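**Student:** Following this note's numbering, the numbering of the sequence shown begins with 339 at its first residue and continues without gaps.
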Amino acid sequence: MDSLKTIFSHLPGSIRAPLERAAPLYSSDAHEIILRADRPLTIECAKQRYYLTQSGVLTTCGQGNGLLKTAFGELVSVFRSICDYSVYARQNELNHGYITVGSGVRIGVCGTAVSNDCGVTNIRDITTLSFRIAREIIGCGDAILSQLDPTDGVLIFGPPCCGKTTVIRDLARTLSYRCKVSVIDERNELSATCGGVSGCDIGMSDVLIGMRKREGIIHAVRSLSPDVIVCDEAGERSDADALVSALRCGAAFIATVHARDFDDLQSRTLTRSLLDTGAFRFLVMLADRTRAGEVKAIYERRRGCETAVVYDRRRRVAGCGADAVVAAERKDKDPERLYHAS
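#1: Residue 412 lies in the alpha helix (DSSP H); which residues open and close that run?
#2: Please report the straight-line C-alpha distance between residue 396 and residue 468, rounded to a whole angstrom.
#3: Report yes if the C-beta distance between residue 500 and residue 630 is below 8 Å; otherwise report no.
#4: If you check the beta carbons only, do residue 580 and residue 612 fall under 8 Å apart?
#5: Do the CB positions of residue 446 and residue 435 come within less than 8 Å of each other?
#6: So the candidates are 466, 471 and 507; which of them puts its Cα closest to the Cα of residue 478?
#7: How big is the Cα-Cα spacing for residue 374 and residue 415?
#8: For a quick check, are the C-beta atoms of residue 368 and residue 476 less than 8 Å apart?
#9: Would you list, in sequence order, the uninterrupted beta strand (DSSP E) runs of no fewer than 3 residues that lie entirely inside the stretch 620 to 652?
#10: Can you tell me whether DSSP reads residue 482 as helix, strand or coil?
#11: Mind checking which residues open and close the beta strand (DSSP E) that includes residue 567?
#12: For residue 644, is the classification buried or exposed, using 16 other Cβ atoms within 10 angstroms of its Cβ as the cut-off for buried?
#13: Which residues bound the alpha helix (DSSP H) around residue 431?
#14: Determine whether the beta carbon atoms of residue 568 and residue 510 lie at a separation below 8 Å.
#15: Per DSSP, what are the beta-bridge partners of residue 532 in this structure?
#16: Which partner residues of residue 591 appear in the DSSP bridge assignment?
#17: From residue 449 to residue 461, what does the alpha carbon distance come to, in whole angstroms?
#18: Quick one, which of 441, 651, 606 and 588 has its alpha-carbon nearest residue 596's?
So this is what it looks like as structure tokens:
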């Protein structure tokens, strides 16, 4: 896997060798490799957390002798490597808490913040480097496209690590060959661009990297005349205001937010403000991290603030009315509501 090769290239031999030795056992489903100063190296997989011994053996026990640990000096060395030995040149990314390297790998950086009245200006005394392994799933957006028209507006939600970013990246890729797509990539998660080259396949999309969503949306509408605007992790009040402005120009939106379920989505003030813009006709709920990218249910917002299920993975509900959904719910006594009217 290219992502793992990129990660290995930044590690000293004492860490790289054990990781390479154990790679066949974790490479298929690992999503993070985490280095912490004087703490055991951690490999986060979809269903399990692993640690590594100095000889390259995986274990689920994070305590005891013989575990591979990262010395503070090694952590500093890795940090300099991912910055191409020029921390100043990566300062803008670092101020946002991450560094992006080749093959779509994004490294979260933890340490002591240096700040002023304008916000964080640097991070010193590095304590953690979290290598996020980029996983593209080409075609993972097809299940959504088969159920709805994305130009009507789509808001994708679910718990952390459920595949929201992966899905909207694939939607942007597919749609970019049909219409003009602008991607607002505030934290460089969607395109994973490094040195001007995208680490992920986003097709013919136009990408604005490092811009806050509000500024990016305004820039896209003024300069790129997009049919569809794609952005990740919306939710701030300014995002809702920018959406309203772009809607007047005829652009459709595909966005994501964090929410455990439909009720959580409805109850949060900020996400509710997004729904109230009218930008999203369809609300897509994804499954959990063990089934990343899998669609659990699709809701359609209709007239009179009514919201009804148009697709449900468990019952294969598709296009049925509210009465049928409620009947199915009563039949199997599932406590999770499938029909909501607000």
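Glycine included, C-beta positions come from ideal geometry on N, C-alpha and C.
Treat the numbers as computed from the prediction; the structure is a model and nothing was measured.
**Tutor:** According to the data block:
#1: Taking the sequence shown and counting its residues from 1, the one referred to as residue 412 is at position 74. Counting along the chain, the alpha helix (DSSP H) containing residue 412 begins and ends at 410 to 420.
#2: Your numbering for residue 396 matches position 58 in the sequence shown. Your numbering for residue 468 matches position 130 in the sequence shown. Roughly 18 Å between the two C-alpha positions.
#3: For the purposes of this step, residue 500 is taken as the residue at position 162 of the sequence shown. For the purposes of this step, residue 630 is taken as the residue at position 292 of the sequence shown. Contact: yes.
#4: Here residue 580 is taken as the residue at index 242 of the sequence shown, counted from 1. Here residue 612 is taken as the residue at index 274 of the sequence shown, counted from 1. Cβ atoms of residue 580 and residue 612: not closer than 8 Å.
#5: Taking the first residue of the sequence shown as 1, we reach residue 446 at position 108. Taking the first residue of the sequence shown as 1, we reach residue 435 at position 97. Cβ distance < 8 Å, so residue 446 and residue 435 count as in contact.
#6: Against the sequence shown, residue 478 aligns to sequence position 140. Comparing Cα-Cα distances from residue 478 to each of 466, 471 and 507, the minimum goes to 507.
#7: Walking along the sequence shown from the start, residue 374 turns up at place 36. Walking along the sequence shown from the start, residue 415 turns up at place 77. Spanning the two alpha carbons is a distance of roughly 13 Å.
#8: Position 30 of the sequence shown, counted from the first residue, corresponds to residue 368. Position 138 of the sequence shown, counted from the first residue, corresponds to residue 476. Not closer than 8 Å, so no.
#9: 620 to 624, 633 to 639 and 644 to 650
#10: Here the question's residue 482 lines up with position 144 in the sequence shown. Note: residue 482 maps to helix in three-state DSSP.
#11: Position 229 of the sequence shown holds residue 567. Counting along the chain, the beta strand (DSSP E) containing residue 567 begins and ends at 566 to 569.
#12: As a working mapping, residue 644 is identified with position 306 in the sequence shown. It counts as exposed.
#13: Taking the first residue of the sequence shown as 1, we reach residue 431 at position 93. Start and end: 429 to 433.
#14: As a working mapping, residue 568 is identified with position 230 in the sequence shown. As a working mapping, residue 510 is identified with position 172 in the sequence shown. Cβ distance < 8 Å, so residue 568 and residue 510 count as in contact.
#15: Numbered from 1 along the sequence shown, position 194 holds the residue referred to as residue 532. According to DSSP, which records beta bridges pairwise, residue 532 is partnered with 535.
#16: As a working note, residue 591 is residue 253 in the sequence shown. Residue 591 pairs with 567.
#17: Counting from one through the sequence shown, the residue named residue 449 turns up at place 111. Counting from one through the sequence shown, the residue named residue 461 turns up at place 123. Rounded to the nearest angstrom, the two C-alpha atoms are 6 Å apart.
#18: For the purposes of this step, residue 596 is taken as residue 258 along the sequence shown, with counting starting at 1. The candidate whose alpha carbon is nearest that of residue 596 is 606.
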